[in-house]
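Visitor: Numbered according to this note's numbering, the sequence shown spans residues 3 to 964. Backbone N, C-alpha and C define an ideal beta-carbon position, used for all residues, glycine too.
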Amino acid sequence: MSETNPAAASEVVAPHRYTAAMANEIEARWQDFWEARGTYQAPNPSGDLAGDPTLVAKPKKFIMDMFPYPSGAGLHVGHPLGYIATDVSARYQRMSGHNVLHTLGFDAFGLPAEQYAVQTGTHPRVSTEANIKNMQVQLRRLGLGHDNRRSFGTIDPDYYKWTQWIFLQIFNSWYDDEAKKARPIAELVAQFESGERAVPSAEGHARAWRDLTAAERADVLSEFRLAYASDAPVNWCPGLGTVLANEEVTADGRSERGNFPVFKAKLRQWNMRITAYADRLLDGLNALDWPEAIKLQQRNWIGRSEGARVDFPIDGEVITVFTTRQDTLFGATYMVLAPEHPLVEKFIPAAWPEGTHEVWTGGHATPAEAVAAYRAQAASKSDVERQAEAKDKTGVFTGSYATNPVSGQQVPVFIADYVLMGYGTGAIMAVPAHDTRDFAFARAFELPMRCVVEPSDDRGTDPTTWDDAFVSYDAKLVNSSSDEVSLDGLGVVEAKARITEWLERKGIGAGTVNFRLRDWLFSRQRYWGEPFPIVYDEEGVAHPLPESMLPLELPEVDDYSPRTFDPDDANTSPETPLSRNEDWVAVTLDLGDGRGMRKYRRETNTMPNWAGSCWYELRYLDPHNSEKLVDPENERYWMGPRDGMPHGGVDLYVGGAEHAVLHLLYARFWSKVLYDLGHISSAEPFHKLYNQGMIQAYVYRDSRGIAVPAAEVEERDGGYYYEGEKVTRLLGKMGKSLKNAVTPDEICDEYGADTLRLYEMAMGPLDVSRPWDTRAVVGQFRLLQRLWRNVVDEATGAVTVVDTEPDEDTLRALHKAIDGVRHDLEGMRFNTAIAKVTELNNHLTKAGGPLPRSVAESLVLLVAPLAPHIAEELWRKLGHTDSVVHQDFPVADPAYVVDETVTCVVQVKGKVKARLEVSPSISDEELEKAALSDEKVVAALDGAGIRKVIVRAPKLVNIVPA
3 MSETNPAAAS EVVAPHRYTA AMANEIEARW QDFWEARGTY QAPNPSGDLA GDPTLVAKPK
63 KFIMDMFPYP SGAGLHVGHP LGYIATDVSA RYQRMSGHNV LHTLGFDAFG LPAEQYAVQT
123 GTHPRVSTEA NIKNMQVQLR RLGLGHDNRR SFGTIDPDYY KWTQWIFLQI FNSWYDDEAK
183 KARPIAELVA QFESGERAVP SAEGHARAWR DLTAAERADV LSEFRLAYAS DAPVNWCPGL
243 GTVLANEEVT ADGRSERGNF PVFKAKLRQW NMRITAYADR LLDGLNALDW PEAIKLQQRN
303 WIGRSEGARV DFPIDGEVIT VFTTRQDTLF GATYMVLAPE HPLVEKFIPA AWPEGTHEVW
363 TGGHATPAEA VAAYRAQAAS KSDVERQAEA KDKTGVFTGS YATNPVSGQQ VPVFIADYVL
423 MGYGTGAIMA VPAHDTRDFA FARAFELPMR CVVEPSDDRG TDPTTWDDAF VSYDAKLVNS
483 SSDEVSLDGL GVVEAKARIT EWLERKGIGA GTVNFRLRDW LFSRQRYWGE PFPIVYDEEG
543 VAHPLPESML PLELPEVDDY SPRTFDPDDA NTSPETPLSR NEDWVAVTLD LGDGRGMRKY
603 RRETNTMPNW AGSCWYELRY LDPHNSEKLV DPENERYWMG PRDGMPHGGV DLYVGGAEHA
663 VLHLLYARFW SKVLYDLGHI SSAEPFHKLY NQGMIQAYVY RDSRGIAVPA AEVEERDGGY
723 YYEGEKVTRL LGKMGKSLKN AVTPDEICDE YGADTLRLYE MAMGPLDVSR PWDTRAVVGQ
783 FRLLQRLWRN VVDEATGAVT VVDTEPDEDT LRALHKAIDG VRHDLEGMRF NTAIAKVTEL
843 NNHLTKAGGP LPRSVAESLV LLVAPLAPHI AEELWRKLGH TDSVVHQDFP VADPAYVVDE
903 TVTCVVQVKG KVKARLEVSP SISDEELEKA ALSDEKVVAA LDGAGIRKVI VRAPKLVNIV
963 PA
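Encoded structure:
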C-alpha cells in the first residue's frame, strides 16, 4: 500500500480515523452479519422459501442482473458496474417498503470452459465451479445484498433438468394460427385422427392419418412442432468445429468467438420455430419499459413487411416469390434465386439455350458447371457480406426461363448471392427499373428493363438512359396492362390491392406478411452444454424422454474436443464429442409408450449456451422446487401481470445492450410458449430493461502495437513512456489481454468496498460509458472520511451527535437532499444522488459543531443504499441494534424543500443591474413593482421612460427603456 495513499493515513495521530484497514474490517464484519442473519432473504408466498408474512404482504420488487459467465480471469472493475447499480436500487426499494428479490446465478455452460478443458485436460465442470467460487468471493466483498439461497449455475443437473423439460414442452407443442397461441401437439394429432384437419401431403392428395407409417407421421408433425430437426442451410465454422446462429456471426462473416471464417452448409440441426411468434414478439414490445434503441433493434431484426406471394411457372415447377411491390409485377424482366434454393437443380438444362449471352454464363461450358462453381463461391460469404452494397454484382444464368404470370413474358432465371434463402422464399422477381440492386445487376448482365412506375422527374420512361433506378411509393403506374388486368393510372396503394385481388382470384398468388426473422438454430456440436432429451429409434424417428428420465446428465468423457478442421476448408462437417461415447449413445429404454424396451440412439448435439439463460428468472423464484418448473403462486406474486405491467415480468433488468437480438429475443420467445401452455402467468420475462454503459480504460501500445502494462506507464512532458520507450494511448475496453485491467480486490484493499461502490456510481450517468481513473477514486474515499468525522470523534471513537433540534438552514439542506436523493435513486441517477449527499455532508461540515441526532441518522439512511457497510457501522454507533437495511428511507418535509426566497435577476437593456431576494410565490405585479423601485434599477434608468417590462416571476424581470 502506498505511503502517500490517504486511505493509509497514520493511525497514531487519529486512531479512530476511517482508513482502508478500518473499512476492510467493518465491511468483512457486516458481510458476516448479513449472511448469518439472512438479512437479504426474500420470502415467497409458498414453498420452502416461504417466510415472514408481513414481508410478503408488502409490494414486491424483483430486480435482476444479466447472468454473469464465470471467467477464469475473475472480475475487473468494469464487471461490477451493473451489479452495484442493481444493489443500490434493491436496497433503496427495501427501505421504501418493498419485499425485494435480488439474487445472482451463473451462466456456466458454453465454449470458454470447453476450450480451457481442451487446452489443459481439466474437466469443464472442475474449472467452471472453481471460477464460480472465486467470483462469489469477489462479489461478496462488494457487499452485494443477494439472497444466496436462490443462487445456482446452469450446469447444476437440478437446473438443467428443467431446461430439458422446457425443451420438451416446446417440442411437444405447435402454433395454432387461428388461436394465435401454442397448443400441445397431442391436440393436433387428435385433429388429424378425427379428420377435422387434413393431413398435409407433398404429393398433393389427401391421406388418412391411420394409413401413415410412424416415420411419415413424425415427418408431418415436424412441420408443425415448435422444436424440430431439419436439413437446412447453417453457418458452419470449421475452425470451431460447430455451427453458429446468425446472431453469432460477425458482420464480416467470421465467428464472434475466435474470429474464424464461417461458411454456408446444409446440415441436420435442431431449430426453434420462433418465427411463429414474430407478430406477438413485435406487439409485446409496445407495453415494455425498454430503451427505444433496443426495441428498434428487435423490430428491425424481426423485420415485418406486407406484400404478396406470386407464383412463376417454370418447366413443370413453380418458383414462388415474396414481394412488397406486387404493383410492379409487369416490370419483372428476370428472376434471381439464392444459390442454395432447392429448385435450382431441377431445371438446369444440359446445355446453354441458343442465344444465351456470354456474360450470363460466367465463362463455363454448361449451366451445371456454372451453377456449381457459383454455389461454391457464394458458400464462402456470410449473409451480411452477400447483402452488402457491393459495386460489382455477381451471378450466373441457370439456363432456364420462367413465365411472368401477368404478362406471359419469358424471363431468364439467375442465381446470385445477394438473394438469401433465409429471407422470404429465397427467390425474387427482379424489377430493375425500380430497384437499385436489380438495376445494377441488370446493367452488369445486359438484361432488359421496363418502366412501370412513371418517374416524377424529367428522366423519361426509357430505363436504358437512366443513371439509376426510379424508386417511388407515390407515383402512377404505366405500361402495366394486359387483357385480364390493368394497373395503368393507379397509385401504388390502389395498384397493390388490385393486383393482389387478381392473383388470389387466379390462384397464382396471395396477399401475405413476411418477416426477416429466421427460425432459431438450436444445435451445437460441443460437449459442454445441455444434452437434448431426445432419442432416435431404428427408423430414425425422434422420441422425447419421459419426464421421469430427466435430467439426462452429461456423461464423463476423456476427450472434450469437437473435431475441428482447417478454418478455411468449407468442405467439412461436424463430429461431436458425445458421438464418440458409444456406451452413452446406444441405449435400451422403455419410454412408457407401450412399446416396451427398445434400442435407441441419443442425440449427440448439445443445446446452445443461450438455453439456460432463456428462463433463469423463473428459477430464481422457486430454486429448490423438484416437482414443478415454478410454483404458480410464487410466479404470480413475483412476475404476474399488474397495474402498469400488463404482461408481467421482472421489475428491473440491468445488463448490456449487446444482447438485444440474442438473449432478450430468445427469452421472450420461451416465456410466450410457457405462457400459452399455462405454465406461467407472465407473457414477458422482463418488464423494465436498463442498459448500463461500459467502464473503459486506457490501452498503451509500444511501437510494435503490443499492449504494455498500463500500471507501469509514466506520463511526462505530455507523452507516455514504458521502460523509457514512448507508447501510444487509446481509450478502449478493459481486460487482462490488454494489460489494463484493475481488479476490484485491488481497490478494496486500498480504499474499501464502499469507496469502490461510490466511485463507480459517481463516475457519470449509469447508461453512459466512462473511463476508469484509479487516481480519482480517492475523492469518494474522502467523502466517507468526512461522513465518518461528522458522527465519530477520530481521536476517541466516541459518537459526537447531540440531542438538539437542527436550525432552519440545516433542516432546509437536509430535506432538499432527501427529496433530491429519493428522486435520483428512483430514476437510477446515482451520480447526482451522490453529488447531493456530498453537498449535504459539506454543508454539515462547514456548519461546525456536533450534528443533531436526527440529522445524523437521516444522513446515514441517505447513504445506506450506496455505501451500506459504513452506514451499518454508523447506525450501530448511533445506538440502534437492528440493521439499517430494512429501515425506512427518509421522507422530505415539503415545507423545507421549497426555498424560503429565490433570487430574481433584474435586467435593463439586457444587462443585469440588480438581484432581488423574493418569495417563490410572488405575483408578476408585485415583482414588477419591487424591481422598478430598486435603487440600482432606478439609477440604471436615469430618468428614462419605460417602453416594456417583461416579468417571469419569480426569477426574471427585463426592463426595456423607451
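For glutamate 319, which residues of its own chain have a beta-carbon under 8 Å away from its beta-carbon, when the five flanking residues on both sides are left out?
Guide: So the list reads Leu345, Lys348, Phe349, once near-sequence residues are dropped.
Visitor: Quick one: what does DSSP say proline 746 is sitting in, helix, strand or coil?
Guide: Proline 746: helix per DSSP, three-state reduction.
Visitor: For the beta strand (DSSP E) containing proline 202, list its first residue and its last residue.
Guide: Careful: proline 202 lies outside any beta strand (DSSP E) and carries neither H nor E.
Visitor: So, helix, strand or coil for isoleucine 430, using DSSP?
Guide: Correct three-state label for isoleucine 430: strand.
Visitor: In three-state DSSP terms, what is alanine 110?
Guide: Coil.
Visitor: For alanine 933, count the other beta carbons within 10 Å of its own beta carbon; 16 or more makes it buried, fewer makes it exposed. Which is it?
Guide: The residue in question, alanine 933, is buried, as its Cβ has 16 or more Cβ neighbours within 10 Å.
Visitor: What residue range does the alpha helix (DSSP H) around arginine 784 cover?
Guide: Start and end: 780 to 791.
Visitor: Taking Cβ to Cβ, would you say valine 1 is nearer than 8 Å to leucine 958?
Guide: For the chain, the structure presents residues 3 to 964; residue 1 sits outside this window and is missing.
Visitor: Just to confirm the assignment: which complete alpha helix (DSSP H) runs, minimum length 4, are found wholly within the stretch 617 to 665?
Guide: Counting only runs of 4 or more, we get 618 to 623, 634 to 641.
Visitor: What is the DSSP secondary structure of aspartate 440, counted as helix, strand or coil?
Guide: In the structure shown, aspartate 440 sits in a helix (DSSP, three-state: H, G or I).
Visitor: Secondary structure at tryptophan 36, three-state DSSP: helix, strand or coil?
Guide: Three-state DSSP puts tryptophan 36 in a helix.
Visitor: Is there contact here, the stretch 639 to 653 with the stretch 681 to 690, by at least three beta-carbon pairs under 8 Å?
Guide: These segments touch.
Visitor: Note down, in chain order, each residue of its chain lying with its Cβ closer than 7 Å to the Cβ of alanine 310, except the 5 sequence neighbours on either side.
Guide: The answer, listed in chain order, is Thr325, Gln328, Thr502, Leu505, Gly511, Ala512, Gly513, Thr514.
Visitor: Which runs of the alpha helix (DSSP H), 4 residues or longer, sit entirely within the stretch 38 to 66?
Guide: Here the runs fully enclosed are 55 to 58.
Visitor: Tell me whether glycine 945 sits in a helix, a strand or coil according to DSSP, three-state version.
Guide: The answer is coil: DSSP assigns glycine 945 none of H, G, I, E or B.
Visitor: Who are the Cβ neighbours of arginine 582 in its own chain at under 8 Å, not counting the five residues just before and after it?
Guide: Cβ within range, chain order: Val559, Asp561.
Visitor: Quick check on the burial criterion: 16 or more other C-beta atoms within 10 angstroms. Buried or exposed for arginine 507?
Guide: Answer is exposed; the Cβ neighbour count stays below 16.
Visitor: Using 8 Å as the threshold, is the C-beta distance between valine 415 and alanine 216 below it?
Guide: Not a contact, by the Cβ cut-off of 8 Å.
Visitor: According to DSSP, which residues form a beta bridge with leucine 339?
Guide: Paired residue(s): Ile417, Ala429.
Visitor: Tell me the rounded alpha-carbon separation between proline 82 and leucine 141.
Guide: Cα to Cα, the separation comes out at about 8 Å.
Visitor: If you count every other CB in all the chains shown that lies within 10 Å of the CB of threonine 606, and 16 or more means buried, which is it?
Guide: Counting Cβ neighbours within 10 Å, threonine 606 comes out buried, since at least 16 surround it.
Visitor: CB leucine 144 to CB arginine 759, shorter than 8 Å?
Guide: Their beta carbons are under 8 Å apart, which means leucine 144 touches arginine 759 by this criterion.
Visitor: Could you tell me whether the stretch 760 to 767 touches the stretch 821 to 841, where touching means 3 or more Cβ pairs closer than 8 Å?
Guide: Cβ pair count under 8 Å is three or more, so yes.
Visitor: By alpha-carbon positions, which one of Asp470, Phe472, Glu456 ends up nearest to asparagine 481?
Guide: Looking at the Cα atoms, Glu456 is the closest of the given residues.
Visitor: Any chance the stretch 922 to 941 sits against the stretch 890 to 909, with 3 or more Cβ pairs inside 8 Å?
Guide: They touch, by the three-pair rule.
Visitor: Output the residue ranges of the beta strand (DSSP E) runs that lie fully inside the stretch 201 to 249 and measure 3 residues or longer, sorted by chain position.
Guide: Segments of the beta strand (DSSP E) lying fully in the stretch 201 to 249: 229 to 239, 244 to 246.
Visitor: Please report the Cβ distance between proline 625 and glutamine 166, rounded to the nearest whole angstrom; I am assuming they are in contact, meaning their Cβ atoms lie under 8 Å.
Guide: Not a contact, Cβ separation roughly 17 Å.
Visitor: What three-state label does DSSP hand lysine 915 in the structure shown?
Guide: The answer is strand: DSSP assigns lysine 915 an E or B state.
Visitor: Are valine 910 and isoleucine 952 closer than 8 Å when you measure CB to CB?
Guide: No, Cβ-Cβ distance for valine 910 and isoleucine 952 is not below 8 Å.
Visitor: Return the first residue and the last residue of the beta strand (DSSP E) that leucine 591 is part of.
Guide: 588 to 592 is the extent of the beta strand (DSSP E) around leucine 591.
Visitor: Can you tell me which of the three DSSP states valine 953 falls into?
Guide: Residue state, collapsed to three classes: strand.
Visitor: Runs of 4 residues minimum, wholly inside the stretch 840 to 926: which ones carry the alpha helix (DSSP H) assignment?
Guide: List check, alpha helix (DSSP H) in window: 855 to 865, 870 to 879, 896 to 899.
Visitor: Taking the DSSP output, what are the residues bridged to glutamine 271?
Guide: Answer by DSSP bridge pairing, in chain order: Ser232.
Visitor: My guess is that lysine 741 and alanine 709 are in contact by the Cβ rule of under 8 Å, so how many angstroms apart are they, rounded?
Guide: Their Cβ separation, rounded to whole angstroms, is 5 Å, which keeps lysine 741 and alanine 709 in contact under 8 Å.
Visitor: Can you check whether the CB of tyrosine 529 is closer than 8 Å to the CB of glutamate 225?
Guide: Going by C-beta atoms, glutamate 225 is not nearer than 8 Å to tyrosine 529.
Visitor: Among the residues of its own chain, which have a CB less than 8 Å from the CB of serine 488, if the five just before and after it don't count?
Guide: Cβ within range, chain order: Ser482.
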